[in-house]
Each structure stands twice: as C-alpha cells, then as structure tokens.
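Down below is the structure, laid out as structure tokens.
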Amino acid sequence: MINTYKKLLITCICLVSFPALSQSQLISNIHGYTVQDGNLIEFRALQFDGDTIEKIYTEQDNLPYKTEANINHIDGKGRTLLPGLIDAHGHVLSYGLSLMRAQLRDSESEQDAVSIVDKFRQQQSSLNWVQGRGWNQVLWPSKQFPTAASLDKIFPDTPVWLVRIDGHAGWANSAAMAVAGVDINSISPAGGEILRHKNGQPTGVFIDNAMSLITNNIPKLSIEEQQAVLETALTSLAELGLTSVHDAGIQSDTIAAYQALDLRSKMPIRVYGMIDAEDPEFDQLMAAGPYRIDTDKFRVSSVKISADGALGSRGAALIEDYSDLKGHKGLLLYSPQALGDKIEKAMKAGFQVNTHAIGDNANQIVLDHYQSLIANSNSRHLRHRIEHAQVLQLSDISRFVELNVIASMQATHATSDKNMAEDRVGNSRIKGAYAWRKLINAGAVIAAGSDFPIESPNPFYGLHASVTRQDHDNQPVDGWYRRESMTLTEALASFTTNAAFAGHQEKEIGQLKPGLKADFILIETDIFSAPVEDIWKTKVSETWVNGQRVH
C-alpha cells in the first residue's frame, strides 16, 4: 500500500493548477458575519474572484454599480452568510458507512435495538455481515450492556456487529464470535476488555482494543469501495454547511482513496487528514513526511493517537476510581512508554500530534509527554492537540497554553453525556469536565468538532450546545453547568478561525477577508438575532467552496 501512496503523491506533486478566467462575483442583500481576532465583524456584501475573496462590504461601504461589466451580481435574498464551518474532529469513512448501516441512535431498549437491526436486515438481504452503530445502554431503562443472546434469537447464523455510539465498544452475536474464534478461553488484549457472564462466557460486548477481535474478521473495503463511501459522506457533510473537516485517524488505504478522489475533482469539501497511529505502515508514512496536494482539498500533516477509551463505556482512564464502579479506573490503550515513543516518532517526523484523551489520567499523561517531547523535538510551532480533553484535572488546564497545545473539543458530547457524566466522575471531578469556559479564560484555543458519526455532524447542533449547554428539548432549563458555556461569537470562532488554526490553515480559510479562500455558507436564519434555543434548527441553503457552489 505504501507504493500506492507514493505513486499517487508523486502524481499529485507533478500536477500544475492553472486558474480559470473568471469575473468577480458579488453577493449582496445579506447579513454577513465573520470573526477576526476574536471579534465579530458584520458586513452586507462579499466579493470574490475565482477561489479568492477580494472584499467584504460593511454598511459604510458603497457597493459597485450593477452596470459594471466585470462583476456578476448575486442576490443573497436577505439570508445570513457565514464563513464555511469546519469540523475539527470527525470520522468521514465511518460516517459514510453509518449512512449505509443500521441506525441505533434512537433505540429505546436492547430489544428495540434488535428490532431495528432486524428491519434493516430485511431491506439489505445481500449482506454477509449485518452492521450498525449508535446504541447507548445508558439511555435504556435497564442501563445495562446488551448481550449476544438477544441478537441470537433473530440472527442465529448471520454474524452481527453493532458499534456503541462512542465507537469504544461493540456488541456481537454468537455467530460473529464464532467467526472470530472468541470463546470462554479468549484473553482480553491490553487496553481492551471482553465483558463476561459470571460463568466466564463472553457476553458479546467488547470494549476498546478488544473490539479488534471481531473487527479483524470483517471483510475490508477496497480502495474503490472506500472512494464511493467517502464521496457520499463528503456530499452529505457539505449539505450541513461544512466546508472542511479534520478526519481523525485514517489509514494508508483511505489516504489512497482520498488522493484518487481529489485527482478526479470529486471532493466537494476540504479534508485535513490525521494518520492513524495504528496503521501497519505507520513507520513508512512517517518517513514520507507531511504533504499537501496542489488543489488544497486534501492534505495530511498530522497523526491521530488514542490514549484511552470513552466515558460512557467506562474506558476513559481516570486517576481515581469511577464514582459508579469502585475498583475500576478505565483503560490506557498504550503503556506510558509506548505512548511516548509513538508521540516522539511523529513529532520528530514533522507531524502535528493529535492525541485522543478523555479521562483525567490520560490527559495528564499526554500533557506530561508533550511537555518533554515538544522541547526535545523542537516542535512547539506544530500546535499539537489533545482530542476531546474531556475530563481534566483543574491544575492541568493552564498547561494547554504553556505548551501551545490546542483543545480539540466537541460541544455536543457535553449535552449527550450530561445524563451519565457526573455519575461516572462525581461532583468534584466534574468541575474539570467539558470545561470550555475555564480553558478559554486560561487563554487556550478550542477547536470545535462533533466526532461524527458518534454525534450528528450538523455544526449548528454544536453551536447550540456551546452557547446553551442544553439538549434540543431545552433541558436542563438553566443549562448543564451553564457557567462553562461560550458566547455565540466564541462558538462561531471555534468552528471557523480556531478550527482553521488547529489545521495550520488560518492563512487560507476560517474567516472572510481579502486574500483568503471563498469558502462560505448561506443560511435561512440570522443566528445572531434569533433565540439561542433555536440555533440547532438552522437550515443551510447553499454551501460554497473555492468560490464554487457545492450545495
């Protein structure tokens, strides 16, 4: 696969892009907003030539006459124009696959989830494996993990694999475990756990690294199949108002699929890729180094490493026991030494390192590694990141600024987790959890994302959660730990200027000003004058990337 990677890379470098002849475009009759240096700028028209912004017009500026031959006038119809929104942490291939698999996000019980999968199977009768995603036992009446037995009643022979909403646990039936050779004698791998009945038999639920016992036996997608899935996903993301996404954890075959799409001009939006640290060809990819393609739709200059699991499945690594499970502190997916070695290799190869850390122990270990290794590798300028930064020791918050580390966080995780987070960590540790205001006040940069398909990729859900700390039913009434909320300007910055900064693209995208790319969206609602509780309802009518309408 590395030969494919190099061959495509050489082809991309040899391409020469010639700008097409074009006249300037002027969109007026709009309510325009952009964030510059943390301040909200309002404007009434946007002018761009080709893929580059030429000018924004404020109320004080006179617009060009419509008779000017070199300007094409576009009526914005009174809509609101925003910079293209950037999701700083998602999983594009998984999202595309989720559109083609059983959706369990709304399942109300274990049996309801089985029924949903059964209905899906009846519509997809050609599948050798039945797969789905989105179950969350915390929202079920039992609040208990499911078992293979309930699936076996409907699927006695067809292997079934259903991933939990956070992606850190999976639910298999007996047929899937038989294919994988999992039985009472199977041993949980380091950084993972096979849940078991009292008699020692696997229940069917696999946590974190143990998931690979099943997934390694599911047939892999070809590069051509991946291209189709990626294109489907990117098109869907564009419809939601996203003009760029940071794809967290892609392997060499997916890189090749992206490159092939980009060479055929089939990428509607931008992708900033993070190489999966578990890629079998990781060492070769590090040797090849960061790169970018002439079109700038796809680039890879960062690495994604996972230090621990997730809070919902109690895989997040905590310093002290879980408040609702004594004797259990979660899972570290690497030994501290192995994690440090992986981080150091990536830093020395010139890659930005983006490490998944949810529990306070994982976050502290990662920050400790960053503190020593950033200095040793002279890589402070690479703006390394912690993905999620979900539960922090209060004493660790200031270290983000001290180390020039970006907090890559997902606002909807707070509103989704509010039903169980305090149960997991207690009322003391919760003070450092989802602590956006504390991080902002300390001077840290928060880059926003959604972690799709774990959460919806709709960025307006994230903007709403950032400001209200409420779900779509406006609960809780005063917001969940509302004092940690952002202003709407700060929230918009987290999805635009901050996210661009987190991808080293602040000189190209993230705001609307002369010289930057013409990436913007038109929405039906002025979110700065509408009630904040309605932000999540915002509809996107047009999405533009590089001065071209892609939705």
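As numbered in mature numbering (1 follows the signal peptide of the UniProt record, and there is no 0), residues -22 to -1, 1 to 529 make up the sequence shown, in order.
Glycine included, every Cβ here is placed at the ideal spot set by N, Cα and C.
Note that the structure is predicted; figures quoted are calculated from it, not measured.
Using alpha carbons as the reference points, say which of the options lies closest to residue i.
i: V523; options: K495, H146 and K33; result: K495
i: W514; options: P246, K485, Q448 and H67; result: Q448
i: L77; options: V92, L4 and E209; result: E209
i: K55; options: S519, H529, G525 and E256; result: S519
i: L470; options: S291, G457, E486 and P437; result: P437
i: A422; options: V455, G68, A480 and Q453; result: A480
i: G178; options: D186, N195, S190 and V160; result: V160
i: K323; options: H347, A335 and H334; result: H347
i: S85; options: W113, N341, Q102 and V108; result: W113
i: I343; options: A168, I283 and R361; result: I283
i: G169; options: M155, D456, S190 and I162; result: S190
i: N17; options: A508, S472, K517 and I487; result: S472
i: A23; options: H362, F498 and E259; result: F498
i: residue 580; options: I172, I49 and P61; result: Shown here, the chain extends from -22 to 529; a query on residue 580 therefore has no answer.
i: N187; options: R415, N354, K320 and S166; result: S166
i: P435; options: I228, S243, R407 and S214; result: S214
i: A385; options: A392, A425 and H391; result: A425
i: E511; options: F133, G219, D451 and I228; result: D451
i: R57; options: S394, S6 and P134; result: S6
i: S406; options: I297, S152, Q483 and L360; result: I297
i: Q453; options: A392, T475, E433 and I432; result: A392
i: T390; options: I432, L105 and N163; result: I432
i: Q115; options: T503, Q89 and R242; result: Q89
i: Y269; options: M252, T516, A80 and R242; result: M252
i: H482; options: T516, V455 and L360; result: L360
Tell whether a beta-carbon distance below 9 Å holds between residue i and residue j.
i: V183; j: A147; result: yes
i: N339; j: K304; result: no
i: S222; j: Y250; result: yes
i: L289; j: M398; result: yes
i: D225; j: L370; result: no
i: T12; j: L500; result: no
i: L212; j: I233; result: no
i: residue 614; j: G493; result: The structure shown does not extend to residue 614, since the chain is modelled only from -22 to 529, so the question has no answer here.
i: L351; j: F378; result: no
i: W458; j: K409; result: no
i: Q368; j: N341; result: yes
i: T181; j: F123; result: yes
i: H67; j: Q388; result: yes
i: V95; j: V141; result: no
i: A285; j: Y312; result: yes
i: H69; j: F329; result: no
i: A150; j: L117; result: no
i: S428; j: Y439; result: yes
i: G267; j: A327; result: yes
i: I8; j: L59; result: yes
i: V281; j: N332; result: yes
Which same chain residues end up closer than 6 Å to residue i when comparing Cβ atoms and leaving out the 5 residues on each side of it in sequence?
i: D274; result: none
i: A91; result: L82, S85 and W113
i: H529; result: A216, E217 and T521
i: Q25; result: S2, L4, E32 and K33
i: N50; result: Q1 and Q3
i: I19; result: T12
i: L441; result: A469 and I513
i: D29; result: K495, A496, N524 and G525
i: G287; result: H146, D186, G293, A294 and L309
Beta-carbon within less than 7 Å of residue i's beta-carbon, same chain only, minus the 5 sequence neighbours each way: which residues are those?
i: S301; result: D401, R402, V403 and G404
i: L(-2); result: Because the pLDDT at L(-2) is just 49, under 50, the model does not fix this residue reliably, and the point stays unresolved.
i: S357; result: M325
i: S376; result: A420
i: F506; result: Y11 and L466
i: H175; result: T181
i: L372; result: K409 and G410
Once the 5 residues before and after residue i are set aside, which same chain residues still bring their CB inside 8 Å of it?
i: L381; result: L345, Y348, Q349, I352, R358 and H362
i: I487; result: P61, G62, I64, T221, S222, R248, A478, L494, K495 and D497
i: S463; result: W414, R415, S444, V445, T446, R447 and G457
i: S87; result: W118, P119 and S120
i: E365; result: H67, A226, K282, N332, T333, H334, A335 and S386
i: W107; result: T136, P137, V138, W139, A154, I196 and P197
Relative to the ligand MN, is the shortest distance from any of its heavy atoms to the C-beta of residue i smaller than 8 Å?
i: S350; result: The ligand MN is not among the ligands present in this structure, which contains no ligands whatsoever.
_List, from N- to C-terminal side, the alpha helix (DSSP H) runs of 4 residues or more that fit wholly inside the region 424 to 480._
437 to 446, 466 to 472 and 475 to 480
_Stretch-stretch touch, CB-based, cutoff 8 Å, three pairs: the region 137 to 152 with the region 289 to 300_ = yes
*What are the complete alpha helix (DSSP H) segments, minimum 4 residues, inside the region 198 to 223?*
201 to 217
_Contained alpha helix (DSSP H) runs [length at least 4] in the region 52 to 137, N- to C-terminal order_ = 70 to 76, 88 to 101 and 126 to 130
*Write down every uninterrupted run of the alpha helix (DSSP H) in the region 261 to 349 whose length is 4 residues or greater and which is fully enclosed by it, in chain order.*
314 to 326
_Inter-stretch contact (C-beta, 8 Å, three-pair minimum) for the region 192 to 200 and the region 30 to 49_ = no
*Quick one: which unbroken beta strand (DSSP E) runs of 3-plus residues sit fully inside the region 151 to 183? Chain order, please.*
170 to 174
*Where in the region 223 to 264 do unbroken runs of the alpha helix (DSSP H), each at least 4 residues long, occur, reported from the N-terminal end onward?*
230 to 241
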